Structure formats: structure tokens, C-alpha cells
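S.K.: The structure follows.
In the working numbering, the protein residues as written are 3 to 241.
Here it is in C-alpha cells:
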């Protein structure tokens, strides 16, 4: 059991940005496999949680945040990110620092599909939110469902309003996405990257449900993101 080179790169870039990294994964519940993964990664990450495959991203993030309860007073910032993305295509640290100045919590893109919301593949929380008791109440809620659409409607579409109602301010990297009626990560992928968005959605190359034109994607990334090793994406597609 191994972690792909593209996911390993994401972990390394989070570490280089000053974050401790905890991986929360549903790839196994087996203790022996957990130990094998930990033995591979113990010098590169700060914690590993293996869990039953329920609750989607929110279930994994709930498990990770619950594991930090004894350290909550020492935490300055939390970033929650899933591995549905290639990147970062650009340095993360200045992007996160800029967002943290603009909002108490933040995301990279938004959408008004179904209703206006910050997309949940990348969530950031500053200390003022982390220290609020409702932050931990939110993440200690039950995240054990197996329905994708129920999770979307009860979690992804609701989490931003949960914190706004408690007086916190949200921020988003690409403001124009707040008015976009579909998923900007697919339909606007090139426009986002030219505006400094630091990721490309993996499903554009693996499934491409919306039949987006992906011809010459390698040339585009090499031109727009010269610091990023496109070979990581090529290797991942063989993984």
C-alpha cells in the first residue's frame, strides 16, 4: 500500500508551508496495513488515521480534528484538504496567508450551484474560529452517512452558513466563482489557473464527466505553472 507521488508532493508542500500534516484515510481499517503505511510515512507526516469508509471528506476531517482535542489551545490554524487535486501548482504559503488576513475562515473557490456556498475540498480556519466551542461541536457531530447527496446538502452546502451565523467572516481566493452556477473546478479550470488558483482537479483527466476539452493540458500547465513538475501528474495517471 503506497501513497501516489502527486499526493506525496502535496504533503511535502504543506510541510514546507509550516503545517503539521495528519492524513485521515479510508483506504484500510486493518491494523497491520495501518502500521505499514505509518512505517512508510512516519518521517514525512505527523499523524495517520485509518478509518471505516463512511462520511466522505467530512467524516475523515471530523476524525482528524477530534484527534487534536488535547492540543486545541496550541493550534493557530487548520487547513482541511482532500486529495482530489493535482498540485499545488503555485506556492501555497502566500495564498493561505493572504486568505487568513481577509477572513476568519476561507476556501479557494465558491459556487451558487443549488445555493451559494464555499466549496469544501479546501477549508481553512483561523484561531478565532478554532477556539470557539461551536467549532468542535460542529466537527464532533455524526459524519457516518454513506449518501453522497445527503452529505452534499447537509454538509458542503451548509458549513459556510454555520460559521457565518456565529459572526465569522468568510473569504475565497477566486471571488468571481461566487456567482458561477456550476462547479468552477471543471468548467473554469484554465481560467482559475491563470488567476493563480493552485490546483487542477484530478477527475478532469480520470473521468471528465462534463466532457471538458483537455487537449494539450500538459503544455498549458508547463506554460502557466513553470515551477510545477507536470511529470507528477503523468506518474499519477499510471499509478
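Beta carbons are placed, not taken as given, at the ideal position from N, Cα and C, and that holds for glycine. Note that the structure is a prediction, hence the values are computed from the model and not measured.
The beta strand (DSSP E) with residue 124 in it runs from where to where?
M.R.: Annotation for residue 124: the continuous beta strand (DSSP E) segment containing it runs 124–128.
S.K.: Three or more beta-carbon pairs under 8 Å between the stretch 156–170 and the stretch 182–193, yes or no?
M.R.: With a cut-off of 8 Å, the stretch 182–193 and the stretch 156–170 do not count as touching, because too few Cβ pairs lie within range.
S.K.: Would residue 121 be called buried (16 or more neighbouring beta carbons within 10 Å of its own) or exposed?
M.R.: With 16 or more other Cβ atoms within 10 Å, it is buried.
S.K.: Could you check the C-alpha separation between residue 90 and residue 82 for me, to the nearest Å?
M.R.: 14 Å
S.K.: Quick check: the Cα distance between residue 131 and residue 107, rounded to an integer number of angstroms?
M.R.: 7 Å
S.K.: Would you list the one or two residues that DSSP bridges to residue 1?
M.R.: Here the chain covers residues 3 to 241 and nothing more, so residue 1 does not appear.
S.K.: How far does the alpha helix (DSSP H) with residue 62 in it extend, from its first residue to its last?
M.R.: Element bounds for residue 62: 58–68.
S.K.: So for residue 19, helix, strand or coil by DSSP?
M.R.: Three-state DSSP puts residue 19 in coil, outside helix and strand.
S.K.: Can you tell me the Cα-Cα spacing of residue 64 and residue 84, whole angstroms?
M.R.: 13 Å
S.K.: If I measure Cβ to Cβ from residue 103 and keep anything under 6 Å in the same chain, skipping five residues before and after, which residues do I get?
M.R.: none
S.K.: Beta-carbon separation of residue 51 and residue 26 under 8 Å?
M.R.: Yes, Cβ-Cβ distance for residue 51 and residue 26 is below 8 Å.
S.K.: Within this structure, are the beta carbons of residue 69 and residue 49 separated by less than 8 Å?
M.R.: For residue 69 and residue 49, yes; Cβs fall inside 8 Å.
S.K.: Where do the ends of the alpha helix (DSSP H) carrying residue 100 lie?
M.R.: First-last of the alpha helix (DSSP H) with residue 100: 94–104.
S.K.: Could you please give me the residues that DSSP links to residue 49 through a beta bridge?
M.R.: 24
S.K.: I need the DSSP call for residue 213, collapsed to helix, strand or coil.
M.R.: coil
S.K.: The alpha helix (DSSP H) spanning residue 235 covers which residue range?
M.R.: 233–240
S.K.: Pair every Cβ in the stretch 220–235 with every Cβ in the stretch 131–141, then say whether three or more of these pairs are closer than 8 Å.
M.R.: The stretch 131–141 and the stretch 220–235 do not touch, with fewer than three beta-carbon pairs separated by less than 8 Å.
S.K.: Which one of 182, 56, 32, 88 has the shortest CA to CA distance from residue 231?
M.R.: 88
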